[in-house]
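The structure is reproduced here in structure tokens:
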């Protein structure tokens, strides 16, 4: 148990460090794209310490002058993180200039990451040896090893977790079962067998797995890969047997396979996914346990059939009706640019439903005058409050005199500094349009897709695969630059990942921080 706790803690810590860098790294800027008119003297004139430090940071990057990093004085505190911008400046300068000595100027928190970047860039394992914490050293070795072709490098790694990962990497490259036996942790060894079973389409390899969960997952993988229902019948664990039937039922759109599922939640999910794929409202009624999924079944089919608002009126509760109108209004606006959005609610029959509809319409248009269409005083008040909150956010940015930082501010509000669930595609597009720098504006558009994917997938995985593509394509179509538009389509189709976007758009690291509350 102690080993597990240590291993889990280390994994969580490394994940948090990774997410921290993703959180603060909103965009990349090349030397020729940075505003060269901004000088040290301009930075000195800025009264706000937050933006003064950001200004010093940008000038340091464009001038490739690490001495400017020392002018940065403040520690930025934002939700869930404390950002040492001076450390980040030296860290990024070390990478830009390929200068190992600059890593020494950072605190350990950034130093290890700095060493890791340069070790990978130089393909030099000896740099990893500068890291004194074994777990971070193992992570560094692991990153560099992926550039090698010789699995003997794995032996240099002392941390069992990263040594296991190293061998697992070579298993993917070499497709050799013997590598699995070199892995120390049984859980990782089971994962290795599962991977090779899929790669070789060999069910007998699943039997080498000792863990019941991994073995069950392996059988499910092979059943889905071979589209073979008889493999599901061989699974003794009810959870994995149900998962197996569910996957094959959805794959073949076969309701009779769904009926074989013992676990009610999996059975509901099977019916739900088939209903969406077939665009058949009648199948939603088969979803009997999960009410939330039952409501989303209707909403997602309505989206896939171009967003018929009348479907919202059929839902039983007020909260689900409001959520339905919110979802379908933004969807209709996004996929039908030619449509007059102000007419969307006119055919909604019941007065309370029309109020919900107009509230979401007003929010999507940033237009508080549309709140006056609402009869119910409580809903009208909520409508005005929501729009006022959005407009106050804009005011923060509009007070920034330098256009470059004003653009960054709009981007930040459109990104993780605000609750993405409270916003819609239509609103975010308008916010992106406030950004003057075209490359940054394009990057803002692509960010909308990433944020919506995170939220929608937490509601229902189906949304992304069967409904969301219309909205994603609409976003990408807003981008005029063909190269950036192609990047957007690739990202929407999951051909590239979030970690690749910034480099594809801009190239050289810089960091934008959230506007403080």
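Numbering (my numbering), first residue to last: 5 to 521. For glycine and all other residues, C-beta sits at the position ideal for the given N, C-alpha and C. For clarity, every value in this text was computed on a predicted model and none was experimentally measured.
The criterion of a C-beta distance shorter than 8 Å is not satisfied by residue 187 and residue 156.
For residue 333 against residue 368, the beta-carbon gap comes to about 6 Å, under 8 Å, which counts as contact. Annotated three-state conformation of residue 390 is helix, per DSSP. For the options 276, 247, 254 and 256, the alpha carbon positioned closest to that of residue 267 is the one of 247. The C-alpha of residue 130 is placed about 52 Å away from the C-alpha of residue 234. Around the beta carbon of residue 89, a 10 Å sphere encloses 16 or more other beta carbons of the protein chains shown; the residue is thus reported as buried. At a cut-off of 3 residues, the continuous stretches assigned as beta strand (DSSP E) that sit fully inside the stretch 85-132 are 85-88. The alpha-carbon of residue 222 is positioned some 37 Å away from that of residue 128. Counting only residues of its own chain and dropping the five nearest sequence neighbours on each side, residue 132 has a CB closer than 8 Å to the CB of 119, 120, 123, 141, 144, 145 and 148. Excluding its 5 nearest sequence neighbours in each direction, residue 330 has C-beta neighbours in its own chain below 6 Å: 364, listed in chain order. Within the model, the alpha-carbon separation for residue 354 versus residue 242 is close to 46 Å.
DSSP, reduced to helix, strand and coil, places residue 482 outside both helices and strands of the structure shown, so it counts as coil. Minimum Cα-Cα distance from residue 322 among the listed residues 357, 137 and 293 corresponds to 357. Of the candidates 52, 500, 62 and 198, the residue whose Cα lies closest to the Cα of residue 44 is 62. When DSSP states are grouped into helix, strand and coil, residue 405 belongs to the coil group. Between residue 452 and residue 496, the C-beta gap is not smaller than 8 Å, which leaves the two residues out of contact. Between the C-alpha atoms of residue 414 and residue 448 there is a straight-line separation of about 9 Å.
CA-to-CA, the gap between residue 135 and residue 295 works out to about 52 Å. The three-state reading of DSSP puts residue 336 in helix, counting H, G and I together.
If you draw a straight line from the Cα of residue 260 to the Cα of residue 183, it comes to about 41 Å.
The Cβ-Cβ distance between residue 277 and residue 265 does not fall below 8 Å. Residue 505 sits in a helix when the DSSP states are folded into three classes. Burial check for residue 297: the Cβ neighbour count within 10 Å reaches 16 or more, so the residue is buried.
Taking the C-beta atoms as reference points, residue 172 is found nearer than 8 Å to residue 196.
Residue 71 is not a Cβ neighbour of residue 57, given a cutoff of 8 Å.
Collapsing the DSSP output to three states places residue 243 in a helix.
Judged by DSSP in its simplified three-state form, residue 498 adopts coil rather than helix or strand.
Residue nearest to residue 380 within the set 373, 360, 325 and 371 is 360 (criterion: CA-CA distance). Counting other Cβ atoms within 10 Å of its Cβ, residue 125 stays below 16 and is therefore classed as exposed. In the three-state reduction of the DSSP assignment, residue 267 falls in the coil class, being assigned neither a helical nor a strand state. Only residues of its own chain outside the window of five on either side were considered, and among them 145, 146, 149, 155, 157, 158 and 161 have a CB closer than 8 Å to the CB of residue 170, listed in chain order. Here DSSP, grouped into helix, strand and coil, assigns residue 319 to coil. Secondary structure at residue 356: helix, using DSSP grouped into helix, strand and coil. Assigned with DSSP and collapsed to three states, residue 215 falls in coil, not helix or strand.
In the three-state scheme derived from DSSP, where H, G and I count as helix and E and B as strand, residue 487 is classed as helix.
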